Amino acid sequence: MKNTENKITDDKTVIQTCCYVAGNPVKGTGEMPVFHPYDNRQVGTVALASGKDVEAAIRSALSGGQVLSRYERYEILEKTRKLLEAQKEDFARLITAESGLAIREARYETNRAHDVLMFAAMEALKDDGQIFSCDISPNGKSRKIFTIREPLPLAVAITPFNHPLNQVVHKIAPAIAAGTPVILKPSEKTPLTAIKLTETLYEAGLPPHMLSVLLGPTDEVAEPLVKDHRVSIVSFTGSVAVGKKIAETVGYKKVVLELGGNSPLIVMEDAHMDTAVKLAAEGSFRNSGQRCTAVKRILVHEKIKDGFTERFVQKAGTYTCGDPSDENTVVGTVIDDTAAAYLEEVVGKAVAEGAEVLLGGNRRGALVEPTVIDKVPRNTRMVVQESFGPLAPILTFKDIDDAVALANATDFGLSSGVVTNNMEYALRFVKELRTGTVNINEVPGYRIESSPFGGIKDSGLGIKEGVIEAIKCFSFVKTFSMPW
Ligand code: NAP
Numbered sequence: 047m048k049n050t051e052n053k054i055t056d057d058k059t060v061i062q063t064c065c066y067v068a069g070n071p072v073k074g075t076g077e078m079p080v081f082h083p084y085d086n087r088q089v090g091t092v093a094l095a096s097g098k099d100v101e102a103a104i105r106s107a108l109s110g111g112q113v114l115s116r117y118e119r120y121e122i123l124e125k126t127r128k129l130l131e132a133q134k135e136d137f138a139r140l141i142t143a144e145s146g147l148a149i150r151e152a153r154y155e156t157n158r159a160h161d162v163l164m165f166a167a168m169e170a171l172k173d174d175g176q177i178f179s180c181d182i183s184p185n186g187k188s189r190k191i192f193t194i195r196e197p198l199p200l201a202v203a204i205t206p207f208n209h210p211l212n213q214v215v216h217k218i219a220p221a222i223a224a225g226t227p228v229i230l231k232p233s234e235k236t237p238l239t240a241i242k243l244t245e246t247l248y249e250a251g252l253p254p255h256m257l258s259v260l261l262g263p264t265d266e267v268a269e270p271l272v273k274d275h276r277v278s279i280v281s282f283t284g285s286v287a288v289g290k291k292i293a294e295t296v297g298y299k300k301v302v303l304e305l306g307g308n309s310p311l312i313v314m315e316d317a318h319m320d321t322a323v324k325l326a327a328e329g330s331f332r333n334s335g336q337r338c339t340a341v342k343r344i345l346v347h348e349k350i351k352d353g354f355t356e357r358f359v360q361k362a363g364t365y366t367c368g369d370p371s372d373e374n375t376v377v378g379t380v381i382d383d384t385a386a387a388y389l390e391e392v393v394g395k396a397v398a399e400g401a402e403v404l405l406g407g408n409r410r411g412a413l414v415e416p417t418v419i420d421k422v423p424r425n426t427r428m429v430v431q432e433s434f435g436p437l438a439p440i441l442t443f444k445d446i447d448d449a450v451a452l453a454n455a456t457d458f459g460l461s462s463g464v465v466t467n468n469m470e471y472a473l474r475f476v477k478e479l480r481t482g483t484v485n486i487n488e489v490p491g492y493r494i495e496s497s498p499f500g501g502i503k504d505s506g507l508g509i510k511e512g513v514i515e516a517i518k519c520f521s522f523v524k525t526f527s528m529p530w
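Per the numbering used here: the sequence shown ends with 530, consecutive numbering throughout.
Rendered as structure tokens:
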């Protein structure tokens, strides 16, 4: 069955959709099929854009059109939120169909996107302008300096597959709140949700020049967009390899890089055991372990390791994996067979180096069982590089100095979680962990959608996202002064 409504109605639905240049459907020079990672059935086809469409999108955005008042930006974001709310289940089914994420995770993602839109709408109404009196020093004058925030002329947003809706809305909503036009290049693995969101924004009244969505060959679409001198900011979320490539080619423009992670959950000897076990399982297996802030290393004090491990294996066994559309499935697939095979390979390598699989370890196609691995060597590939899937490697440490050293012994620096009730420990971790976020008695990924979020080291340049910070990135501060 062909479907042009971007809606999965049954397991035979094949959505036919396309890119958009400033609201105009792109006929496309080629077509890209989209497959369900669970059973490899085709769920969609996207008509692709070409270099000519890139040029048209840039020109449309820059030639401008209606300049939106703060209230108009608020209204568009609010209306989009309401439309999303009304189509929540359609969005969730689409996310599951193209990503293989369990339907319960997909629904959770629509809730997060709802919050992003709500916070962005609220922020659109706020003015963070400042006033400085100049007569406050012997060298001062009788003047005042004021700041206003102005939109950037054009943003390019490039997003990954792992949150097909939320990663996209985390860039577009703040850009709209700032008044900045965006050209979106979503992941080719999950384009359908991004395109549906784009259509929803147009429906909510977004002037077409404010948003284009383009997919096509990397050397015709993504790379030229990154390099184009008319683009004022590239906001990228994705892998370290692509992020660093962009950093080398982006030229003289703003760049925001939100890259991979290798987050530790540190369990101290005084930890509340139920909390530790729950956070380790949620952090490792939610979203099939495909969160940049997922727990990638469980670091446990050697004194409590045996008790923790026994309870953790029991808990992990309750994370059923299988058909992502099944209401009872907790862990769906990873993005594709290649990603699953990589996970299988790093587990095998760790085992060859002395690790022991306590639970899981099997895969079928893109379905990887939640896997608990014990006695993991500190230098095995699984924990040195990012293993983007439901793997839970356990490592031990002997005291807090060792824990800090082990946690920091990675190229990544996105986030971290610590389970302790000891205030001295908590303060030391907050001060000494080299990560963008430290969450005490929470998973590394805990945040609200408007709080500052982002990593350091290979995980990012320390420029934060989150709705409020992203609005700052998509705009610039103009200063003016007047006699007073
Ligand atoms: P990816 O392979 O780096 O792809 C991300 C995006 O970059 C896709 O849209 C991709 O397009 C595009 N791209 C590929 N080559 C490019 C190039 N030469 N120039 C410009 N764009 C290019 O990442 P992924 O596998 O989709 O996502 C997983 C990664 O994202 C993980 O490492 C995860 O940790 C990270 N992530 C980080 C955060 C964070 O906030 N720090 C959040 C979520 C995910 P195509 O799909 O067309 O190749």
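Note that CB positions come from ideal geometry on N, CA and C, so glycine has one too. In this text, all values refer to a predicted model and were calculated from it rather than measured experimentally.
Quiz prompt | Neighbourhood of Y471 by C-beta distance below 8 angstroms, restricted to the same chain and skipping five residues each side | solution = M314, D316, I446, V464
Quiz item: So L441 packs on V429, CB below 8 angstroms; how close in whole Å?
Solution: 7 angstroms
Self-check item: Proximity test, V377 beta-carbon vs the ligand NAP heavy atom, cut-off 7 angstroms
Solution: no
Quiz item: Which residues bound the beta strand (DSSP E) around A203?
Solution: Judged by DSSP secondary structure, A203 falls within the beta strand (DSSP E) whose first and last residues are 201-204.
Quiz item: Do you know offhand how far T59's Cα is from S96's?
Solution: 27 angstroms
Quiz item: Going by other Cβ atoms of all chains shown within 10 Å of its Cβ, with 16 needed for buried, is V392 buried or exposed?
Solution: buried
Quiz item: Say the cut is 7 angstroms; is the CB of I204 nearer than that to a heavy atom of the ligand NAP?
Solution: Yes - the ligand NAP has a heavy atom lying nearer than 7 angstroms to the Cβ of I204.
Quiz item: Do you know offhand how far I514's Cα is from S521's?
Solution: 11 angstroms
Quiz item: Does the Cβ of E348 have 16 or more other Cβ atoms within 10 Å, making it buried, or fewer, making it exposed?
Solution: exposed
Quiz prompt | Of the residues A203, I229, T236, the one placed nearest I146, counting alpha carbons only | solution = At residue 146 the sequence reads Gly, which differs from the Ile that was named. Comparing Cα positions, the closest option is T236.
Quiz prompt | Own chain residues within Cβ distance below 7 angstroms of V359, not counting five before or after | solution = When the five nearest sequence neighbours on each side are left out, the beta carbons in the same chain lying within less than 7 angstroms of the beta carbon of V359 are those of L404, L405, V418, in order along the chain.
Quiz prompt | Cβ shell of D265 (< 6 angstroms), same chain only, five flanking positions each side left out | solution = none
Quiz prompt | Of the residues V397, L389, G400, the one placed nearest R410, counting alpha carbons only | solution = R410 has its Cα closest to that of L389, out of V397, L389, G400.
Quiz item: What do you reckon, are the CB atoms on K324 and S281 nearer than 8 angstroms?
Solution: no
Self-check item: Proximity to K524 [Cα-Cα], best of E155, K351, L413, E196
Solution: Residue E196 is the option with its Cα nearest to K524.
Practice problem: Can you give me the Cβ contacts of K510 inside the same chain, cut-off strictly under 7 angstroms, excluding the 5 residues immediately before and after it? | Solution: Taking K510 as the centre and dropping the five residues before and after it, the same chain places the C-beta of P498, F499, G500 closer than 7 angstroms to its C-beta, in chain order.
Quiz prompt | Range of the contiguous beta strand (DSSP E) that encloses Q62 | solution = Residues 60-64.
Exercise. May I ask whether a heavy atom of the ligand MN can be found less than 7 angstroms away from the beta carbon of V80?
Key: As for the ligand MN, it is missing from this structure, which binds only the ligand NAP.
Quiz item: What do you get for T55, buried or exposed, if any count of 16 or more other CB atoms within 10 angstroms of its CB means buried?
Solution: exposed
Exercise. May I ask you to check if the CB of G69 is nearer than 7 angstroms to at least one heavy atom of the ligand NAP?
Key: no
Quiz item: In or out: N212 buried (at least 16 other Cβ within 10 Å) or exposed?
Solution: buried
Self-check item: Opening and closing residue of the alpha helix (DSSP H) in which P310 lies
Solution: Where P310 is concerned, there is no enclosing alpha helix (DSSP H), although the beta strand (DSSP E) it sits in stretches over 309-313.
Quiz item: Regarding I292 and the ligand NAP, is the C-beta to nearest heavy atom distance less than 7 angstroms?
Solution: Correct: I292 has its Cβ closer than 7 angstroms to the ligand NAP.
Self-check item: Reduced DSSP secondary structure (H/G/I, E/B, other) of P71
Solution: strand
Quiz item: Ends of the alpha helix (DSSP H) at I446?
Solution: 446-454
Quiz item: Alpha carbon to alpha carbon, what distance is there between S330 and A221?
Solution: 31 angstroms
Quiz prompt | Those residues which DSSP pairs with K367 across a bridge | solution = According to the sequence displayed, residue 367 carries Cys and not Lys. C367 is bridged to V377.
Practice problem: Could you check what DSSP says for K395 in three-state terms: helix, strand or coil? | Solution: helix
Exercise. Compute the minimum distance between the beta carbon of T264 and the heavy atoms of the ligand NAP, and state whether it is under 7 angstroms.
Key: Within the cutoff, so yes.
Quiz item: G251: which of R427, T126, T366 sits nearest, CA to CA?
Solution: T126
Quiz item: Beta carbon of K395, beta carbon of R427: below 8 angstroms?
Solution: Taking 8 angstroms as the Cβ cut-off, K395 and R427 qualify as a contacting pair.
Practice problem: Measure the C-alpha to C-alpha separation of L507 and F458 and round it to an integer number of angstroms. | Solution: 11 angstroms
Quiz item: Going by the CB atoms, is the gap between A268 and K231 shorter than 8 angstroms?
Solution: yes
Quiz item: Name the DSSP beta bridge partners of Q88, please?
Solution: F81
Self-check item: Contact set for M256: own chain, Cβ-Cβ below 6 angstroms, skip 5 residues either direction
Solution: P227
Practice problem: Mind reading off the beta-carbon distance from S233 to L460? Whole number of angstroms is fine, and I expect it under 8 angstroms. | Solution: Contact flag wrong, Cβ pair sits at about 19 angstroms.
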